[in-house]
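Peer 1: When you read off a place in the sequence shown, starting at 1, and then add 12, the result is the number in the numbering used here. The beta-carbon is built from N, C-alpha and C at its ideal position, and this holds for glycine as well. Here the structure is a predicted model, which is why all the values come from computation and not from measurement. Structure below; questions to follow.
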Amino acid sequence: MIEYVDETYVKFGAPRRVYGVDHDRIEEFKRKALLAGLRLIPVKVRHLGTERCVEVLKAMKRELEGKVEVRLGEEVNHVLVEGGEVKGVQLRSGEVVEGRYVVLAPGRSGAGWLKGEAERLGLSFTNNPVDVGVRVEVPAYVMEHLSDVLYEPKFIYYSKTFDDRVRTFCFNPYGEVIAEYYDGVVTVNGQSYENKRTDNSNFAVLVSTSFTEPFKEPIAYGRYLASLANLLGGGVIVQRLGDLKVGRRSTWERIKRNLVEPTLKAATPGDLSFVLPYRYLTDILEMLKALDEVAPGVYANHTLLYGVEVKFYSSRLELSDKLETRIRNLFAIGDGAGITRGLIQASASGVVVAREIARREGLSR
């Protein structure tokens with residue numbers, strides 16, 4: 013399935029180069045990581061780049077034109093169900109769009125909406141761990157030896173103080189830090205381009221927390237932490253690691269003379285200790301110190317931390333192996349449904365549902 017999805021992306025313009033195939037170098041990285049208390053997860057990566065991703069999606073849209081109706085800028089209010097079977101959706105405008113099948117793919121930003129609809133329809137779901145952390149920015153050469161081989165090095169660490177699971181995510185060599193907007197809340201992310209480079213690389217360090225009873229609102233919790241950063245900094249906060257270590261806020265003066273120039277110019281210098289709980293900050297600092305053993309320079313005073321980064325995929329719907337809900341012909345796919353992590357997995361979940369619908373319609377075996 014993953015190979016089929018990968019081949020499809022190549023067909024529509026994804027580059028052919030694949031990272032993560034130099035096994036000798038990877039084994040060397042794994043040994044160094046283990047000595048530092050880290051686990052390296054080697055994966056094959058085909059990097060699209062932000063601009064190439066747009067071109068691939070445009071090519072896919074052109075392929076679909078004349079075969080399906082694509083309506084952009086519409087907002088679904090409710091899923092319509094009758095007699096335990098889906099009948100369509102009602103848009104915010106009040107218009108009803110009927111259909112024998114409905115596939116819910118709200119993305120991370122729509123995870124809260126999906127949870128609300130699931131509750132309204134009586135569907136069961138479980139809370140995934142909420143991932144909260146920071147976006148780390150370092151000089152590109154600090155992790156160049158890793159990114160040249162792996163492109164996106166994935167490390168997992170269990171903190172000594174709290175035994176929390178901490179991981180790196182979404183590595184962007186020679187990339188830039190960007191702001192993201194989720195329903196009025198500004199969070200942080202990163203991106204890199206195929207043909208345009210900066211002098212920096214960035215990646216997320218995320219702490220995974222599984223909440224237990226009676227708390228059932230991990231998405232709201234993540235939004236609350238992000239809103240604290242917005243309240244204190246008017247958006248995204250940036251802080252020098254050296255300032256965080258000694259318990260002081262970063263200032264424009266210290267940022268201007270910092271060795272790493274921030275790529276997100278709109279970020280406001282501040283103090284992340286007023287935003288993130290002590291537990292999360294402790295986990296993040298431990299992780300960065302361990303990473304410094306594999307990539308010297310990560311734990312340097314001039315490293316920049318941006319907050320808050322939150323991944324909103326915290327409610328997992330109860331689904332069949334065909335990704336169908338208990339409501340007949342109502343399916344859910346992708347990160348917003350809490351069942352995937354990333355583009356290829358989300359795409360694969362869509363293929364699973366498409367094939368099942370085709371089978372039910374007698375269009376395939």
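With DSSP as the reference, label residue 319 as helix, strand or coil.
Peer 2: In the sequence shown, residue 319 corresponds to position 307, counting from 1. Strand, per DSSP.
Peer 1: Let me know if residue 267 comes out buried or exposed under the rule of 16 or more other beta-carbons within 10 Å of its beta-carbon.
Peer 2: Taking the first residue of the sequence shown as position 1, residue 267 is located at position 255. Buried, because 16 or more other Cβ atoms sit within 10 Å of the Cβ of residue 267.
Peer 1: Within this structure, are the beta carbons of residue 306 and residue 48 separated by less than 7 Å?
Peer 2: Residue numbering aside, residue 306 sits at position 294 when the sequence shown is read from its first letter. Residue numbering aside, residue 48 sits at position 36 when the sequence shown is read from its first letter. Taking 7 Å as the cut-off, the Cβ atoms of residue 306 and residue 48 count as close.
Peer 1: Return the Cβ separation of residue 280 and residue 250 in integer angstroms, given the expectation that the two are a contact with Cβ distance under 8 Å.
Peer 2: The residue labelled residue 280 in the question sits at position 268 within the sequence shown. The residue labelled residue 250 in the question sits at position 238 within the sequence shown. With a Cβ gap of about 7 Å, residue 280 and residue 250 count as contacting.
Peer 1: If residue 353 and residue 347 are in contact, beta carbons under 8 Å, what's the gap, nearest whole angstrom?
Peer 2: Translated into positions along the sequence shown, residue 353 becomes position 341. Translated into positions along the sequence shown, residue 347 becomes position 335. Sure, about 7 Å apart at Cβ, within 8 Å.
Peer 1: Pair every Cβ in the segment 179–187 with every Cβ in the segment 209–221, then say whether three or more of these pairs are closer than 8 Å.
Peer 2: yes
Peer 1: My assumption, with CB atoms under 8 Å, is that residue 90 sits in contact with residue 101. Please give the rounded CB distance.
Peer 2: For this step, residue 90 is matched to residue 78 along the sequence shown. For this step, residue 101 is matched to residue 89 along the sequence shown. Right, the Cβ-Cβ distance comes to about 7 Å (below 8 Å), so this counts as a contact.
Peer 1: Among 324, 338, 262, whose alpha-carbon lies nearest the alpha-carbon of residue 313?
Peer 2: Position 301 of the sequence shown, counting from 1, holds the residue named residue 313. Answer by Cα proximity: 262.
Peer 1: So residue 188 packs on residue 318, CB below 8 Å; how close in whole Å?
Peer 2: Within the sequence shown, the letter at position 176 stands for residue 188. Within the sequence shown, the letter at position 306 stands for residue 318. Contact flag wrong, Cβ pair sits at about 11 Å.
Peer 1: Determine the contact status of residue 328 and residue 140, defining contact as a CB-CB distance below 7 Å.
Peer 2: One-based indexing of the sequence shown puts residue 328 at position 316. One-based indexing of the sequence shown puts residue 140 at position 128. Less than 7 Å divides the Cβ of residue 328 from the Cβ of residue 140.
Peer 1: Pair every Cβ in the segment 156–175 with every Cβ in the segment 27–37, then say whether three or more of these pairs are closer than 8 Å.
Peer 2: yes
Peer 1: CA-CA distance, residue 15 and residue 252?
Peer 2: Working through the sequence shown from its first residue, we reach residue 15 at position 3. Working through the sequence shown from its first residue, we reach residue 252 at position 240. When rounded, the separation of the alpha-carbon atoms in residue 15 and residue 252 is 41 Å.
Peer 1: Considering Cα atoms alone, identify which of 65, 28, 243 is closest to residue 56.
Peer 2: Start at 1 with the first residue of the sequence shown, and residue 56 comes out as number 44. Nearest C-alpha to residue 56: 28.
Peer 1: Of the residues 336, 311, 106, 118, which one's Cα is nearest the Cα of residue 194?
Peer 2: Looking up residue 194 in the sequence shown gives position 182. Among 336, 311, 106, 118, the Cα nearest to that of residue 194 belongs to 118.
Peer 1: Return yes when the Cβ of residue 113 is within less than 7 Å of the Cβ of residue 356, no when it is not.
Peer 2: Position 344 of the sequence shown, counted from the start, is the residue given in the question as residue 356. Position 101 of the sequence shown, counted from the start, is the residue given in the question as residue 113. Going by beta carbons, residue 356 and residue 113 fall outside the 7 Å limit.
Peer 1: Kindly list the residues whose CB is nearer than 6 Å to the CB of residue 343, restricted to its own chain and excluding five residues on each side of it in sequence; keep chain order.
Peer 2: For this step, residue 343 is matched to residue 331 along the sequence shown. Cβ neighbours of residue 343 beyond the five flanking positions: 115, 335, 336, 365.
Peer 1: By Cβ distance below 7 Å, which residues in the same chain neighbour residue 106 in space, the five residues on each side in sequence not counted?
Peer 2: In the sequence shown, counting from the first residue as 1, residue 106 sits at position 94. Nothing meets the Cβ criterion.
Peer 1: Nearest by alpha-carbon distance to residue 254: which of 242, 282, 233, 54 is it?
Peer 2: Here residue 254 corresponds to residue number 242 of the sequence shown, with the count starting at 1. Nearest C-alpha to residue 254: 282.
Peer 1: Judging by CA-CA distance, which residue of 171, 43, 77, 67 is the nearest neighbour of residue 293?
Peer 2: Here residue 293 refers to the residue found at position 281 when the sequence shown is read from its first residue. Comparing Cα-Cα distances from residue 293 to each of 171, 43, 77, 67, the minimum goes to 171.
Peer 1: Should residue 308 go down as buried or exposed, given a rule of 16 or more other Cβ atoms within 10 Å for buried?
Peer 2: Numbered from 1 along the sequence shown, position 296 holds the residue referred to as residue 308. Exposed, since its Cβ has fewer than 16 Cβ neighbours within 10 Å.
Peer 1: Would the beta-carbon of residue 42 fall within 7 Å of that of residue 52?
Peer 2: The count along the sequence shown starts at 1 and reaches residue 42 at position 30. The count along the sequence shown starts at 1 and reaches residue 52 at position 40. The answer is yes: Cβ separation under 7 Å.
Peer 1: Going by alpha carbons, who is nearest to residue 205 out of 359, 54, 18, 64?
Peer 2: Residue 205 sits at position 193 when you count from the first residue of the sequence shown. It is 64.
Peer 1: Ignore the nearest five residues each way along the sequence and tell me which others in residue 230's own chain have a CB closer than 8 Å to its CB.
Peer 2: Taking the first residue of the sequence shown as 1, we reach residue 230 at position 218. Result list for residue 230: 139, 140, 141, 142, 221, 223, 326, 327, in chain order.
Peer 1: Could you give the distance in angstroms between the alpha-carbon of residue 120 and the alpha-carbon of residue 304?
Peer 2: Walking along the sequence shown from the start, residue 120 turns up at place 108. Walking along the sequence shown from the start, residue 304 turns up at place 292. So the alpha carbons of these two residues sit roughly 31 Å apart.
Peer 1: Which whole-angstrom value describes the C-beta separation of residue 288 and residue 248, a residue pair presumed to lie in contact below a C-beta threshold of 8 Å?
Peer 2: Taking the first residue of the sequence shown as 1, we reach residue 288 at position 276. Taking the first residue of the sequence shown as 1, we reach residue 248 at position 236. The Cβ separation is near 13 Å, so there is no contact.
Peer 1: Output needed for residue 322: all residues of its chain with C-beta closer than 6 Å, excluding positions within five of it in sequence on either side, in chain order.
Peer 2: Position 310 of the sequence shown holds residue 322. For residue 322, where only same-chain residues beyond five positions count, the Cβ hits under 6 Å are 144, 199, 234, 238.
Peer 1: Nearest-angstrom Cα distance between residue 4 and residue 126?
Peer 2: Because the chain here runs from 13 to 377, residue 4 falls outside it and cannot be looked at.
Peer 1: Roughly how many whole angstroms lie between the Cα atoms of residue 363 and residue 80?
Peer 2: On the sequence shown, residue 363 is found 351 positions in, with the first residue counted as 1. On the sequence shown, residue 80 is found 68 positions in, with the first residue counted as 1. Distance between the alpha carbons of residue 363 and residue 80: 16 Å.
Peer 1: Under DSSP, the beta strand (DSSP E) around residue 235 begins and ends at which residues?
Peer 2: Mapped onto the sequence shown, residue 235 falls at position 223. Here residue 235 belongs to no beta strand (DSSP E); instead the alpha helix (DSSP H) covers 230–245.
Peer 1: Using a 10 Å radius around the Cβ and a threshold of 16 neighbouring Cβ atoms, would you call residue 226 buried or exposed?
Peer 2: Counting from 1 along the sequence shown, the entry for residue 226 is found at position 214. Label assigned to residue 226: exposed.
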